[in-house]
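**Q** Chains as they are written, first to last, in our numbering: chain A, 1 to 714; chain B, 1001 to 1099. Glycine included, each C-beta is placed from N, C-alpha and C at the ideal position.
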Amino acid sequence: MAEIGSFALLLALALSVYSFLAGIIALAFQKRTSSQLVGVTAGTSGIAASGEESSLITTLRQASERIGETARRAGIATFAAVLLASVVLVICAFRDDFSIAYILHHSNRDLPGPYKFAVLWSGQEGSLLFWSLLLAAYGFVLRLRYKTDPRLFAYASVVLSGVQIFFLLLLNFAAHPFAIVQGTIPADGNGLNPLLQYPEMVIHPPMLYLGYVGFTIPFAFALGALIMKYPGEKWINITRRWTMVTWAFLTCGVFLGAHWAYSVLGWGGYWGWDPVENASLMPWLTGTAFLHSVMMQEKRGMLKMWNMWLVFATFWLAILGTFLTRSGIISSVHAFAQSSIGDWFAWFLAITLIVFVFFFFKNKSHLRSEHKLESLVSRESSFLFNNLLFVLLCFTVLWGTWFPKISELVQGNKVTVGAPFYNRVAIPVALLLLILTAVGPLLAWRKTSLESLKRNFMWPTVGAVAVAVFLLITPQNWGSPFGLKPWQDISYFYSLMAIALSVLVTLTVASEFYRGGRVISKHTGQGMFASMVQLTHRNTRRYGGYIVHFGVVVVIIGFAGAAFNQDKEMEMGYGDKMTIGPYTLICRSYTDDDAPNYASEWAVLDVYKGGKQIDTMTPVRRFYKASRQTSTMPDIRSTLNEDLYLVFEGLNQDNGHPILKAHLNALVMWIWMGVWIMLIGTVLALIPNAPAPVRVPAPARLETARTAPVVTGD
Amino acid sequence: MTWLPLCLMLAVACLYYVFYLPGRLFLGPEKTRAGYLRERKDAVYENLRDLNFEYKAGKVPDVDYTSLKSSLQDEAATILAEIDRLEKNPAPASRRARI
Chain A
1 MAEIGSFALL LALALSVYSF LAGIIALAFQ KRTSSQLVGV TAGTSGIAAS
51 GEESSLITTL RQASERIGET ARRAGIATFA AVLLASVVLV ICAFRDDFSI
101 AYILHHSNRD LPGPYKFAVL WSGQEGSLLF WSLLLAAYGF VLRLRYKTDP
151 RLFAYASVVL SGVQIFFLLL LNFAAHPFAI VQGTIPADGN GLNPLLQYPE
201 MVIHPPMLYL GYVGFTIPFA FALGALIMKY PGEKWINITR RWTMVTWAFL
251 TCGVFLGAHW AYSVLGWGGY WGWDPVENAS LMPWLTGTAF LHSVMMQEKR
301 GMLKMWNMWL VFATFWLAIL GTFLTRSGII SSVHAFAQSS IGDWFAWFLA
351 ITLIVFVFFF FKNKSHLRSE HKLESLVSRE SSFLFNNLLF VLLCFTVLWG
401 TWFPKISELV QGNKVTVGAP FYNRVAIPVA LLLLILTAVG PLLAWRKTSL
451 ESLKRNFMWP TVGAVAVAVF LLITPQNWGS PFGLKPWQDI SYFYSLMAIA
501 LSVLVTLTVA SEFYRGGRVI SKHTGQGMFA SMVQLTHRNT RRYGGYIVHF
551 GVVVVIIGFA GAAFNQDKEM EMGYGDKMTI GPYTLICRSY TDDDAPNYAS
601 EWAVLDVYKG GKQIDTMTPV RRFYKASRQT STMPDIRSTL NEDLYLVFEG
651 LNQDNGHPIL KAHLNALVMW IWMGVWIMLI GTVLALIPNA PAPVRVPAPA
701 RLETARTAPV VTGD
Chain B
1001 MTWLPLCLML AVACLYYVFY LPGRLFLGPE KTRAGYLRER KDAVYENLRD
1051 LNFEYKAGKV PDVDYTSLKS SLQDEAATIL AEIDRLEKNP APASRRARI
């Protein structure tokens, strides 16, 4: 089997190289013959225009088009070859083929089936193969859809092949997933990292990778459009859906990672500003900025250069993220695979940067803006500030992530920055972003008058202030988030601001739906809800986007709950009591168990609230036999108000009593609910608009039109 | 060595798929400046539709609406004028390919 996998990888590399080279040759020939044809037809080439010459050029052009088609097909065939290699690796994992070093190091006989499937992305070589597979799959879809715009897709296909070659070179020459074990083959494997033996780990990496890899597509289109000086913004239109799908996957991946960290790592939190977490956040931030600023390019022909850089930065940061997790250059609890392939990534990052910068400066005149910012109080400026804030946050995260390495290079000792560093910037920036989320949709394109501001902001602002005052004056014993006294602690101030601004965003979103629904209701006579549904269907992108904003608000409320978190640690024998917040925990028993894959110790605790037993919880600690590593499985009782989070920390060696840690985490469930809402909004935004009758009359001012040509497009 | 015939078959299948190109290729229309201008026109019309809708929804006051509508109409008129000019004096077919 390993030989088939190895051959498939070699074949994939050959096909990718062909797709790349033949694609370049075809595009170069097409460009050349196209200009020669112009010269011949216009008689300006300096050579006598003849029918023979014209026919030769036409033949050459047709030949180049056929070469281009073979390049496209080679790209499609690459997918088949990489898919075969991946299937072979998974089959080897299920067959416990420990003659393959990768399977030996990442699987064992007793590993449950789903985790054997997850072996594909659990280690260095496998995850690179998975990267390559997803890239080939995206490329497969892209190349099948080439009829949308064959020339642009041909350029994008070449860029994709270039990226694919890099990953296939790595797989064939630096991190071979089918490397054979030398000497005696062990009877059993070393097993999968226990931290990865969790149901979410079967879906978290694919989601994250679909996000990471997916950003190659907008990058490929952007670079293709830049190289060919693509006229107009249609490429943005074509890539928008790709970007949204990719963004949704990355969002899902980032939050699944947060949920995994919360449910498995046992420290009671969901985000620790770990370098690998940061690596997934950075492309998400620039990708989110791009999704907003792209509207300015589509609607107003502005920010073309900026968008180009955002697309590139998003792709580059996604590769940088993979580099961080692979190279071991920065230590992280998530860096499951470390090796010397960091150099390969560093070179690849450098080459992509050089290529992009070269074409950017070569063709930047093509990216000049069609309009200027007319007013600071306009939709455009709100997008601009939104972008600046996202980029500022991204830069902060980048700086914090690399600071240990930079300090080591400069001072000789590693200085690690922790959560306070990030929070100092991230919280105020997030609050400012919330303000823009509320304000942006209510501002008009070009400029907004004072009257318009008053008209649109009065009631949402009154509502937000009212909620803030209510939270301020309510007693603290009502529980979180009531009785927020901002002068007691800065975290309370941030929480109060976050909740008030969330209300502001919610009210502006609601007013957008209400106002739009009212117009449709007036015209159609439908009820308000049906009108709102129709409104959303007529402009899915805008109203889907508002639902995403509402999801963000719900997530932010969840984050704001962190100000109320509590925790307590205690050794608990039979019948011992622990009180945390409104809960009382009584240790009923503690025991151990043995399963084929792991041995476990666990405690049984009865949970009381208001004197009544409401639940029984069982935090577990496992010892994985194959890898000889321990892992905790916290038990979490989630409600809308708070999560009761119990961790089995270990046993007191003297008396055998379990040591338990309890966390009371406020409003955490809101985070996961918010993510679902964000995903629903994204799916809605991806649905094509329902056709709406065009009622705008054609402008009747042709006679007064300026004679100057429309900017750009040439 | 049972893998060898399988690998050979795979390679042959790939080569056949890549290099066997029966029939005519789909090349799609060449993009022209007029085509680009039509896209811009659509974008401006969409902006006008949005503005009208926001006005009807009560988000935009009368003064703002008149001024914004006027500037969008000017933009549309400029684009339409150039489309009109290009359609009256079309470039040679081969020249259009250069955009």
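Taking all protein chains shown into account, decide if B:Glu1087 is buried (16 or more other Cβ within 10 angstroms of its Cβ) or exposed.
**A** Taking the first residue of the second sequence as position 1, residue 1087 of chain B is located at position 87. Counting Cβ neighbours within 10 Å, B:Glu1087 comes out exposed, since fewer than 16 surround it.
**Q** Step through the CB atoms of chain B and report whether any lies within less than 7 Å of the CB of A:Thr243.
**A** Here residue 243 of chain A is taken as the residue at index 243 of the first sequence, counted from 1. No - not a single Cβ of chain B is within 7 Å of the one on A:Thr243.
**Q** State yes or no: is the C-beta of A:Thr325 within less than 7 Å of the C-beta of A:Cys394?
**A** Counting from one through the first sequence, the residue named residue 325 of chain A turns up at place 325. Counting from one through the first sequence, the residue named residue 394 of chain A turns up at place 394. It is not a contact, given that the beta carbons lie outside the stated cut-off.
**Q** Taking the alpha carbon of A:Leu507 as the reference point, which residue from A:Ala187, A:Thr461, A:Glu649, A:Leu83 has its own alpha carbon closest?
**A** By 1-based counting over the first sequence, the position of residue 507 of chain A is 507. Looking at the Cα atoms, A:Thr461 is the closest of the given residues.
**Q** So what's A:Lys304 in DSSP terms, helix, strand or just coil?
**A** Here residue 304 of chain A refers to the residue found at position 304 of the first sequence. Helix, per DSSP.
**Q** For the stretch 1005-1025 of chain B, list every residue whose C-beta sits within 7 Å of some C-beta in chain A, in sequence order.
**A** Listed in sequence order: Leu1006, Cys1007, Leu1010, Ala1011, Cys1014, Tyr1017, Val1018, Phe1019, Leu1021, Leu1025.
**Q** Less than 8 Å between the CB atoms is what I'm expecting for A:Phe345 and A:Val311, so what's the real figure, rounded?
**A** Counting from 1 along the first sequence, the entry for residue 345 of chain A is found at position 345. Counting from 1 along the first sequence, the entry for residue 311 of chain A is found at position 311. About 20 Å; that fails the 8 Å criterion.
**Q** Can you have a look at A:Lys299 and say buried or exposed, based on whether 16 or more other CB atoms are within 10 angstroms of its CB?
**A** For the purposes of this step, residue 299 of chain A is identified with residue 299 of the first sequence, where counting begins at 1. Buried.
**Q** Any beta carbon of chain B sitting closer than 7 Å to that of A:Arg480?
**A** The count along the first sequence starts at 1 and reaches residue 480 of chain A at position 480. Note that residue 480 of chain A is Ser in the sequence shown, not Arg. So, not an interface residue.
**Q** Going by DSSP in three states, A:Phe345 sits in which element: helix, strand or coil?
**A** Within the first sequence, numbered from 1, the residue matching residue 345 of chain A stands at position 345. Three-state result, A:Phe345: helix.
**Q** At a CB distance below 8 Å, what residues from the stretch 73-91 of chain A approach chain B? Give them in sequence order.
**A** Residues passing the 8 Å Cβ filter: Arg73, Ala74, Ile76, Ala77, Ala80, Ala81, Leu84.
**Q** What residues in the stretch 168-186 of chain A have a beta carbon less than 7 Å from any beta carbon of chain B?
**A** Listed by position, the residues of the stretch 168-186 of chain A near chain B (Cβ gap below 7 Å) amount to none.
**Q** Are there 16 or more other CB atoms within 10 angstroms of the CB of A:His523, so buried, or fewer, so exposed?
**A** Taking the first residue of the first sequence as 1, we reach residue 523 of chain A at position 523. That one is exposed.
**Q** Can you list, in chain order, the residues of its chain with a C-beta nearer than 6 Å to that of A:Ile47? Leave out the 5 residues immediately preceding and following it.
**A** Walking along the first sequence from the start, residue 47 of chain A turns up at place 47. Unreliable placement is indicated for A:Ile47, whose pLDDT of 48 sits below 50; no coordinate value is reported for it.
**Q** If you compare alpha carbons, which of A:Leu651, A:Leu664, A:Asn655, A:Met633 is closest to A:Pro199?
**A** In the first sequence, the residue the question calls residue 199 of chain A occupies position 199. Of A:Leu651, A:Leu664, A:Asn655, A:Met633, the residue nearest in Cα terms is A:Met633.
**Q** Run through the stretch 482-543 of chain A for me and flag every whole alpha helix (DSSP H) of 4 or more residues, listed as ranges in chain order.
**A** Listed in chain order, they are 490-524, 528-538.
**Q** Where DSSP assigns a beta bridge to A:Arg622, which residues make up the other side?
**A** As a first step, residue 622 of chain A is located in the first sequence; it is residue number 622 there, counting from the start. Bridge partners of A:Arg622: A:Ser600, A:Ser631.
**Q** Measure from the C-beta of B:Pro1029 to each C-beta in chain A and report whether the shortest distance is under 7 Å.
**A** The count along the second sequence starts at 1 and reaches residue 1029 of chain B at position 29. It does not: the Cβ of B:Pro1029 has no partner Cβ on chain A nearer than 7 Å.
**Q** Only counting the same chain, and skipping five residues up and downstream in sequence, which positions put a Cβ closer than 8 Å to that of A:Phe359?
**A** In the first sequence, counting from the first residue as 1, residue 359 of chain A sits at position 359. Leu223, Leu226, Ile227, listed in sequence order.
**Q** For A:Lys31, does the three-state DSSP call read helix, strand or coil?
**A** To locate residue 31 of chain A, count along the first sequence from 1; it is residue 31. A:Lys31: helix per DSSP, three-state reduction.
**Q** If you follow the alpha helix (DSSP H) that A:Ala466 is in, where does it begin and where does it stop?
**A** Position 466 of the first sequence, counting from 1, holds the residue named residue 466 of chain A. Start and end: 450-473.
**Q** Output needed in chain order: residues of the stretch 429-462 of chain A with a Cβ under 9 Å from some Cβ in chain B.
**A** Cβ contacts with chain B: Leu442, Ala444, Trp445, Arg446, Lys447, Thr448, Ser449, Glu451, Ser452, Arg455, Asn456.
**Q** Exposed or buried, B:Asp1064, counting other C-beta atoms within 10 Å across all chains shown (16 or more means buried)?
**A** Here the question's residue 1064 of chain B lines up with position 64 in the second sequence. Counting Cβ neighbours within 10 Å, B:Asp1064 comes out buried, since at least 16 surround it.
**Q** State yes or no: is the beta carbon of A:Arg95 nearer than 7 Å to at least one beta carbon in chain B?
**A** For the purposes of this step, residue 95 of chain A is taken as the residue at position 95 of the first sequence. False, the Cβ-Cβ gap to chain B never drops below 7 Å.
**Q** Should A:Tyr645 and A:Ala563 be called a contact, given that it needs their Cβ atoms to be closer than 7 Å?
**A** Looking up residue 645 of chain A in the first sequence gives position 645. Looking up residue 563 of chain A in the first sequence gives position 563. Not in contact: A:Tyr645 and A:Ala563 (Cβ atoms no closer than 7 Å).
**Q** Would you kindly work out how many angstroms separate the C-alpha atoms of A:Glu601 and A:Pro475, rounded to a whole number?
**A** Start at 1 with the first residue of the first sequence, and residue 601 of chain A comes out as number 601. Start at 1 with the first residue of the first sequence, and residue 475 of chain A comes out as number 475. Approximately 41 Å, taken between the alpha carbons.
**Q** What in chain B is Cβ-close to A:Lys716, meaning under 7 Å?
**A** The shown model of chain A, from 1 to 714, leaves out residue 716 of chain A, and the question about it has no answer.
**Q** With distances taken from CA atoms, which of A:Ile217, A:Val141, A:Lys304, A:Thr416 is nearest A:Phe275?
**A** Position 275 of the first sequence, counting from 1, holds the residue named residue 275 of chain A. Before going further, note that residue 275 of chain A is Pro rather than Phe in the sequence given. Comparing Cα-Cα distances from A:Pro275 to each of A:Ile217, A:Val141, A:Lys304, A:Thr416, the minimum goes to A:Thr416.
**Q** Go to A:Val668, then tell me how far its alpha helix (DSSP H) extends in each direction, as first and last residue.
**A** Here residue 668 of chain A is taken as the residue at index 668 of the first sequence, counted from 1. Start and end: 668-686.
**Q** Would you say the stretch 628-643 of chain A touches the stretch 658-668 of chain A, given that touching needs at least three Cβ pairs under 8 Å?
**A** Yes: at least three Cβ pairs fall under 8 Å.
**Q** Taking A:Ala85 and A:Ala12 to be in contact with their CB atoms under 8 Å, please state how far apart those CB atoms are, rounded to whole angstroms.
**A** Counting from 1 along the first sequence, the entry for residue 85 of chain A is found at position 85. Counting from 1 along the first sequence, the entry for residue 12 of chain A is found at position 12. The Cβ separation is near 7 Å, so the contact holds.
**Q** In the DSSP assignment, what are the bridge partners of A:Gly650?
**A** For this step, residue 650 of chain A is matched to residue 650 along the first sequence. Bridge partners of A:Gly650: A:Ile659.
**Q** Check the Cβ-Cβ distances between A:Val555 and every residue of chain B, and say whether any is below 7 Å.
**A** Within the first sequence, residue 555 of chain A is the residue found at index 555, counting from 1. With 7 Å as the cut-off, A:Val555 does not count as an interface residue toward chain B.
**Q** Could you round the C-beta distance between A:Phe20 and A:Gly139 to whole angstroms and report it? I think they count as a contact, below 8 Å.
**A** Residue mapping note: residue 20 of chain A aligns to position 20 of the first sequence, counting from 1. Residue mapping note: residue 139 of chain A aligns to position 139 of the first sequence, counting from 1. With 8 Å as the limit, A:Phe20 and A:Gly139 do not qualify as a contact, their Cβ atoms being about 11 Å apart.
**Q** Below 8 Å, can you find three or more Cβ-Cβ pairs linking the stretch 105-125 of chain A to the stretch 196-211 of chain A?
**A** As far as the Cβ criterion goes, the stretch 105-125 of chain A touches the stretch 196-211 of chain A, which means the pair count is three or higher.
**Q** Along the stretch 125-142 of chain A, where does the CB come closer than 9 Å to a CB of chain B? Name the residues.
**A** Here the close residues number zero.
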